[in-house]
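A quick write-up on the structure given underneath.
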Amino acid sequence: MRILRELRDSIRRRAPLSTPKGRVQLVFHTLWLHIHPVKVHKSRLRFTYTGYLGFISFYLFLILTATGIALMFYYRPAAAYAYQDMKDLEFAVFLGKFTRNLHRWSAHAMIVVVVLHMYRVFVTGSYKKPRQFNWAIGVLLLVLTLLLSFTGYLLPWDQLAFWAITVGTSIGAYAPWLGPKLKELLLGGTQVGDAALIRFYVLHCIALPGAMALLTMVHFWRIRKDGGLSPPPAEVQEHGAAALEAVTSDSGRAELAGTQSGAVAVAAVMAARAARGEDLILSYPYAFHREGIALLATLLVMMTVSLVWGAPLEEMANPAKTPNPAKAPWYFLGVQEMVSYSAFLGGVAAPALIILALLALPYLDTNPERRPSKRKLAIWIFSLVLLANLVFIVIGTWFRGEGWKWVWPWSGSDG
Amino acid sequence: MDKRAQQVFALLSLAVLAVTLAAIVEAGRPPWKAYQRAFYRLAASRERDATRRQRLLREPLEIKQILLPGLGRVDRCPTCHLGVEDPDLADAPHPFRFHPGLEPHRVERFGCTVCHGGQGLATEKTAAHGPVQNWLQPRLPRRYLRASCACCHTEGEIPGVPELGVARQIFATRGCPGCHRLNSFGNTIGPELSDEARRERTPEWLEQHFRDPRSMTPPSPMPDFRFTQPEIEALTLWVLSLTTEPMAAYYRSVPVIPSASEGRRLAARANCLHCHAIQGAAGSLACNLAGMATRRSARYIERQLEEPEPIGTRAAMLAFGFSQPACRAIRAFLEVATAADARTLLDNASALADGGETLVELGRRRTLHFGCVGCHGGDLKGGVKNPNSQGGAVPALIHLADDYTREEAATIIRRGKTPALEDPAKPAPPLYMPSWKKILAEEDIERILAYAWSLRPKESEAW
Numbered sequence: 001m002r003i004l005r006e007l008r009d010s011i012r013r014r015a016p017l018s019t020p021k022g023r024v025q026l027v028f029h030t031l032w033l034h035i036h037p038v039k040v041h042k043s044r045l046r047f048t049y050t051g052y053l054g055f056i057s058f059y060l061f062l063i064l065t066a067t068g069i070a071l072m073f074y075y076r077p078a079a080a081y082a083y084q085d086m087k088d089l090e091f092a093v094f095l096g097k098f099t100r101n102l103h104r105w106s107a108h109a110m111i112v113v114v115v116l117h118m119y120r121v122f123v124t125g126s127y128k129k130p131r132q133f134n135w136a137i138g139v140l141l142l143v144l145t146l147l148l149s150f151t152g153y154l155l156p157w158d159q160l161a162f163w164a165i166t167v168g169t170s171i172g173a174y175a176p177w178l179g180p181k182l183k184e185l186l187l188g189g190t191q192v193g194d195a196a197l198i199r200f201y202v203l204h205c206i207a208l209p210g211a212m213a214l215l216t217m218v219h220f221w222r223i224r225k226d227g228g229l230s231p232p233p234a235e236v237q238e239h240g241a242a243a244l245e246a247v248t249s250d251s252g253r254a255e256l257a258g259t260q261s262g263a264v265a266v267a268a269v270m271a272a273r274a275a276r277g278e279d280l281i282l283s284y285p286y287a288f289h290r291e292g293i294a295l296l297a298t299l300l301v302m303m304t305v306s307l308v309w310g311a312p313l314e315e316m317a318n319p320a321k322t323p324n325p326a327k328a329p330w331y332f333l334g335v336q337e338m339v340s341y342s343a344f345l346g347g348v349a350a351p352a353l354i355i356l357a358l359l360a361l362p363y364l365d366t367n368p369e370r371r372p373s374k375r376k377l378a379i380w381i382f383s384l385v386l387l388a389n390l391v392f393i394v395i396g397t398w399f400r401g402e403g404w405k406w407v408w409p410w411s412g413s414d415g
Numbered sequence: 416m417d418k419r420a421q422q423v424f425a426l427l428s429l430a431v432l433a434v435t436l437a438a439i440v441e442a443g444r445p446p447w448k449a450y451q452r453a454f455y456r457l458a459a460s461r462e463r464d465a466t467r468r469q470r471l472l473r474e475p476l477e478i479k480q481i482l483l484p485g486l487g488r489v490d491r492c493p494t495c496h497l498g499v500e501d502p503d504l505a506d507a508p509h510p511f512r513f514h515p516g517l518e519p520h521r522v523e524r525f526g527c528t529v530c531h532g533g534q535g536l537a538t539e540k541t542a543a544h545g546p547v548q549n550w551l552q553p554r555l556p557r558r559y560l561r562a563s564c565a566c567c568h569t570e571g572e573i574p575g576v577p578e579l580g581v582a583r584q585i586f587a588t589r590g591c592p593g594c595h596r597l598n599s600f601g602n603t604i605g606p607e608l609s610d611e612a613r614r615e616r617t618p619e620w621l622e623q624h625f626r627d628p629r630s631m632t633p634p635s636p637m638p639d640f641r642f643t644q645p646e647i648e649a650l651t652l653w654v655l656s657l658t659t660e661p662m663a664a665y666y667r668s669v670p671v672i673p674s675a676s677e678g679r680r681l682a683a684r685a686n687c688l689h690c691h692a693i694q695g696a697a698g699s700l701a702c703n704l705a706g707m708a709t710r711r712s713a714r715y716i717e718r719q720l721e722e723p724e725p726i727g728t729r730a731a732m733l734a735f736g737f738s739q740p741a742c743r744a745i746r747a748f749l750e751v752a753t754a755a756d757a758r759t760l761l762d763n764a765s766a767l768a769d770g771g772e773t774l775v776e777l778g779r780r781r782t783l784h785f786g787c788v789g790c791h792g793g794d795l796k797g798g799v800k801n802p803n804s805q806g807g808a809v810p811a812l813i814h815l816a817d818d819y820t821r822e823e824a825a826t827i828i829r830r831g832k833t834p835a836l837e838d839p840a841k842p843a844p845p846l847y848m849p850s851w852k853k854i855l856a857e858e859d860i861e862r863i864l865a866y867a868w869s870l871r872p873k874e875s876e877a878w
């Protein structure tokens with residue numbers, strides 16, 4: 001017993017959790033938790049405010065890392081072996097099929113959740129000063145998520161993989177001058193083959209996850225450094241009234257002397273109230289419980305889905321047999337649909353403009369207003385761009401048949 | 416403090432644990448384990464010795480597989496089909512029954528899927544046997560199993576499967592290469608056939624297609640060749656054997672089996688029939704090879720091939736420097752060689768090197784070999800329908816000499832030609848003259864034209 005107690009005490013150097021001191025120390029003295037503040041604002045924990053989408057994205061990344069490492073034990077990135085290794089995972093490796101399903105579905109889910117997270121941050125105006133830079137980091141993380149999924153798409157080396165990457169890289173090659181060179185660099189040649197497979201493998205397993213991990217750290221760090229999670233806009237409004245009062249009253253005027261704008265006044269009032277501890281609660285247990293619930297819910301959904309639905313694996317890649325139509329991965333089908341109207345505009349100009357616009361957004365939109373009800377136009381435009389992409393993806397997935405001609409999904413294929 | 420969150424957290428923990436356990440249980444109970452357990456129980460019930468019976472019941476359950484690295488195949492079929500090589504299990508129920516008549520195709524050399532088709536990597540019944548999505552080679556129905564013979568036996572007669580010889584003969588003489596490419600020979604109007612067995616065509620589909628091509632692929636320009644039922648069955652079998660998987664090359668490269676087809680190839684290369692005859696066909700300088708395999712022992716024949724010795728008063732055969740596997744292969748060929756073989760061997764030899772035939776005769780052979788007759792008809796008399804081309808059919812070539820100079824005709828062969836439309840409003844005719852310049856040598860064109868010129872009907876001279 002004594003040894004056990006000593007072991008425990010040597011590992012966790014804190015007071016028991018039943019004491020407030022212990023709860024504070026839990027955050028402070030644990031490497032993995034100390035990115036959290038000791039206390040958080042009550043309102044930031046509301047599920048309806050953030051949906052915990054950022055956390056869920058991160059959890060999915062963790063699931064993907066864990067399952068990805070497990071899969072790496074069995075997978076050899078060479079055209080002669082890759083497909084057979086997929087079959088081995090399905091038929092001969094203990095839990096191999098489940099692990100691959102979990103990896104595949106989590107990758108799809110991550111794209112969806114990351115985009116939803118971005119949408120939430122936009123709608124609540126959380127990208128505005130002083131969080132502009134973190135928004136830009138977030139956009140880069142979105143691009144990395146897409147690239148990770150895209151590079152992983154090739155690895156099973158089936159027809160789906162081969163032609164999706166062939167189409168995807170060809171779209172990229174529409175960019176003038178740089179496009180074809182980039183394509184060749186990525187593929188290690190002019191078409192998808194062994195060289196492309198090893199390049200995609202290294203990108204997928206080392207380069208991109210490494211970049212992702214680094215940028216994720218920056219992203220989290222900046223949340224703290226930019227003042228914690230952004231307050232809900234409604235709260236800002238409420239405090240705005242208080243701030244106005246403060247500014248108009250004599251004492252308040254003195255307090256805020258030298259400040260420049262209403263927003264700063266609001267921040268100051270909120271900081272003052274927070275300092276009085278009015279809406280602050282301890283991270284443990286309130287925040288950690290909720291984050292844990294988000295983690296467990298994510299796991300539960302992804303594992304259940306993986307238990308029920310198998311990840312697709314088509315016949316082995318065959319460069320001599322072009323499926324018609326050959327489709328890009330679903331998240332690039334919007335781009336492919338635009339390419340069918342104009343290769344350069346749809347395939348290069350529009351996606352590049354969208355990424356650039358997203359990166360520059362917080363610097364272009366200098367309106368400090370955060371309440372969605374006062375930013376209807378901005379939200380409409382943002383929603384429409386997302387919706388347009390979604391519509392294009394739906395069209396590309398279900399309404400495009402042979403020769404990229406329009407088909408009705410219920411008319412049935414000639415099979 | 417925060418009771419509800421705690422409760423939800425606990426509940427979710429339990430749910431995640433449950434799903435994890437479900438995944439582990441599911442992964443730990445694959446259906447093949449049940450089969451193996453049943454097999455060992457069956458084997459134990461037939462075992463009299465008590466200790467051996469106990470040992471059988473304690474056999475570990477494991478995936479059993481045959482690796483064929485040369486073919487990149489892994490056959491996991493023996494995981495369930497455990498009695499394939501045990502004659503005592505001849506009366507056992509499936510999937511444990513003994514496989515009679517395996518020799519010489521031993522399991523450890525050939526696995527199962529090389530002949531049977533199916534997905535060797537799979538360990539579930541449906542996935543292994545098919546048909547399943549995304550696996551192009553389902554298990555062949557028993558009736559068509561013999562098709563697989565031709566995957567490795569790519570040349571010559573195949574013992575027990577005369578249909579495959581028939582089908583090859585049809586392909587070589589009825590003009591199929593005129594439209595279809597097979598192993599880089601032939602033109603490209605129709606689909607390439609080299610990998611046709613891996614295109615998810617069922618035998619029924621193929622049979623119906625040969626009966627009436629347009630009923631299966633509506634716009635098909637393939638002419639109706641009016642195949643007989645036996646011909647249709649032969650062609651179906653043969654198409655089911657067409658694969659680019661290098662099985663034949665692989666099994667030839669590992670000379671374990673004295674393969675008759677390899678022997679035939681060697682006999683052609685060494686030009687054996689220059690001197691020897693088979694049942695009276697071909698040369699007369701040396702002994703008749705027919706029945707040789709029954710007259711002489713295998714060892715004698717193989718030794719003679721390796722180091723020829725004088726026989727009686729005759730001089731020794733030339734030493735061709737055959738390797739031992741080559742000698743065994745040639746001996747295997749002699750066991751099955753027929754007069755027809757001798758004639759085709761001779762034909763092939765003369766198709767490559769002129770054997771004194773006239774230019775016209777050489778040209779005639781080439782119209783068969785390259786498939787001109789597929790569209791222009793036997794003896795180039797025309798007759799294949801080609802809707803909306805002028806005249807509604809592919810032109811006969813017997814009047815070629817009246818309409819063109821040789822140079823003009825040669826140009827058309829080299830470049831190809833799209834037929835003129837009869838009615839510009841209707842769709843273009845399905846058949847057209849493809850370009851031949853990459854396939855035909857100049858002298859081949861010359862020979863074909865010499866033949867075509869010779870076909871000019873006599874009365875046309877009255878013009």
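Protein sequences appear in the order of chains D and A. Heads up, the first sequence is in the numbering used here, so the first residue is 1 and it goes up one at a time. Heads up, the second sequence is in the numbering used here, so the first residue is 416 and it goes up one at a time. Cβ coordinates follow ideal geometry from the N, Cα and C atoms, glycine included.
Item to check | chain A contacts from the segment 302-315 of chain D (Cβ-Cβ distance under 9 Å) | outcome: Per Cβ criterion, the list reads M303, T304, S306, L307, P312, L313, E314 and E315.
Checklist entry - What residues from chain D crowd round V431 (chain A), counting only those whose CB sits closer than 8 Å? => result Near V431 (chain A) (Cβ distances below 8 Å), the residues of chain D are L296, L299, L300 and M303.
Item to check | Status (buried if at least 16 other CB within 10 Å, exposed otherwise) for T99 (chain D) | outcome: A residue is called buried when at least 16 other Cβ atoms come within 10 angstroms of its Cβ; T99 (chain D) meets this threshold and is buried.
Next on the checklist: Give me the chain A residues within the contact set of L4 (chain D), using Cβ-Cβ distance strictly less than 9 Å, ordered along the chain.
Outcome noted: By Cβ distance, chain A contributes nothing, its closest Cβ being about 24 Å from L4 (chain D), past 9 Å.
Checklist entry - Which of the three DSSP states, helix, strand or coil, is assigned to N389 (chain D)? => result N389 (chain D) falls in the helix class under three-state DSSP.
Checklist entry - When we look at the beta-carbon of S18 (chain D) and count the other beta-carbons within 10 Å, is it buried (16 or more) or exposed? => result It counts as exposed.
Checklist entry - Using the rule of at least 16 other Cβ atoms within 10 Å of the residue's Cβ for burial, across every protein chain shown, is S283 (chain D) buried or exposed? => result Buried, by the Cβ-count rule.
Checklist entry - For I35 (chain D), which three-state DSSP category applies? => result When DSSP states are grouped into helix, strand and coil, I35 (chain D) belongs to the coil group.
Checklist entry - Helix, strand or coil for G258 (chain D) per DSSP? => result Unreliable positioning characterises G258 (chain D) in this predicted model, as indicated by a pLDDT of 49, which lies under 50. A coordinate reading is not provided.
Next on the checklist: With a threshold of 7 Å between beta carbons, is A438 (chain A) in contact with chain D?
Outcome noted: Cβ-Cβ to chain D under 7 Å: yes for A438 (chain A).
Checklist entry - Given a threshold of 16 other Cβ atoms within 10 Å of its Cβ, counted over all protein chains shown, does Q534 (chain A) qualify as buried or as exposed? => result By the 10 Å Cβ count, Q534 (chain A) comes out buried.
Checklist entry - Would you call the CB atoms of P844 (chain A) and N803 (chain A) closer than 7 Å? => result It is a contact, given that the beta carbons lie within the stated cut-off.
Item to check | Three-state secondary structure assigned by DSSP to L432 (chain A) | outcome: Of the three classes helix, strand and coil, the one that applies to L432 (chain A) here is helix, per DSSP.
Next on the checklist: Taking 7 Å as the threshold (C-beta atoms), are L621 (chain A) and L608 (chain A) in contact?
Outcome noted: By the CB criterion at 7 Å, L608 (chain A) and L621 (chain A) fall outside the cutoff.
Item to check | D794 (chain A) - containing alpha helix (DSSP H), residue span | outcome: Element bounds for D794 (chain A): n/a, residue is neither H nor E.
Checklist entry - Between Y450 (chain A) and L102 (chain D), what straight-line distance do the alpha-carbon atoms span, to the nearest angstrom? => result Rounded to the nearest whole angstrom, the CA to CA distance from Y450 (chain A) to L102 (chain D) is 28 Å.
Item to check | Limits of the beta strand (DSSP E) - the one that D490 (chain A) falls within | outcome: Counting along the chain, the unbroken beta strand (DSSP E) around D490 (chain A) starts and ends at R488 to D490.
Checklist entry - How many Å lie between F58 (chain D) and K128 (chain D) at the Cα? => result So the alpha carbons of these two residues sit roughly 22 Å apart.
Next on the checklist: With a threshold of 7 Å between beta carbons, is A425 (chain A) in contact with chain D?
Outcome noted: Cβ-Cβ to chain D under 7 Å: no for A425 (chain A).
Checklist entry - Ends of the alpha helix (DSSP H) at I355 (chain D)? => result Unbroken alpha helix (DSSP H) run through I355 (chain D): A350 to L364.
Next on the checklist: Looking at M303 (chain D): is its Cβ nearer than 7 Å to the Cβ of V423 (chain A)?
Outcome noted: Result no, Cβ atoms of M303 (chain D) and V423 (chain A) do not sit closer than 7 Å.
Checklist entry - With A438 (chain A) and L307 (chain D) assumed to form a contact (beta carbons below 8 Å), what rounded beta-carbon distance in angstroms separates them? => result About 6 Å; that satisfies the 8 Å criterion.
Checklist entry - Is the segment 579-592 of chain A touching the segment 647-666 of chain A in the sense that three or more CB pairs, one from each, lie closer than 8 Å? => result Pairwise C-beta distances place the segment 647-666 of chain A in contact with the segment 579-592 of chain A, as three or more of them are shorter than 8 Å.
Item to check | N703 (chain A) - DSSP class collapsed to helix/strand/coil | outcome: Reduced to three states, the DSSP call for N703 (chain A) is strand.
Item to check | For I293 (chain D), the first and last residue of its enclosing alpha helix (DSSP H) | outcome: Its alpha helix (DSSP H) spans residues F288 to V308.
Next on the checklist: Output needed for P638 (chain A): all residues of its chain with C-beta closer than 6 Å, excluding positions within five of it in sequence on either side, in chain order.
Outcome noted: Same-chain partners within the cutoff: V799.
Item to check | CA nearest to the CA of W550 (chain A), picked from D:L313, D:L390 and D:W380 | outcome: The residue with the shortest Cα to Cα distance from W550 (chain A) is D:L313.
Next on the checklist: Against chain A, which members of the segment 282-296 of chain D pass a CB distance test of less than 8 Å?
Outcome noted: When CB distances to chain A are screened at a threshold of 8 Å, the residues of the segment 282-296 of chain D falling below it are P285, Y286, H289, R290, G292, I293 and L296, in chain order.
Item to check | Rounded separation between L870 (chain A) and V192 (chain D) - CA only | outcome: One C-alpha to the other measures close to 52 Å.
Item to check | Any C-beta of chain A under 7 Å from that of G396 (chain D) | outcome: No - not a single Cβ of chain A is within 7 Å of the one on G396 (chain D).
Checklist entry - Which value, in whole angstroms, describes the spacing of the CA atoms of G179 (chain D) and G172 (chain D)? => result One C-alpha to the other measures close to 6 Å.
Checklist entry - Are P556 (chain A) and P546 (chain A) touching if we call contact CB-CB under 7 Å? => result Between P556 (chain A) and P546 (chain A), the gap from beta carbon to beta carbon reaches 7 Å or more.
Checklist entry - Any Cβ of chain D within less than 7 Å of the Cβ of D490 (chain A)? => result By this cut-off, D490 (chain A) is not an interface position.
Checklist entry - How many Å lie between I223 (chain D) and W135 (chain D) at the Cα? => result Answer to the nearest angstrom: the Cα atoms are 10 Å apart.
Checklist entry - Which residues in chain A sit within 9 Å of D88 (chain D), going by Cβ to Cβ distance? => result Simply V489 and L536.
Next on the checklist: Within the continuous alpha helix (DSSP H) that includes L142 (chain D), where are the two ends?
Outcome noted: For L142 (chain D), the enclosing alpha helix (DSSP H) starts and ends at Q132 to L154.
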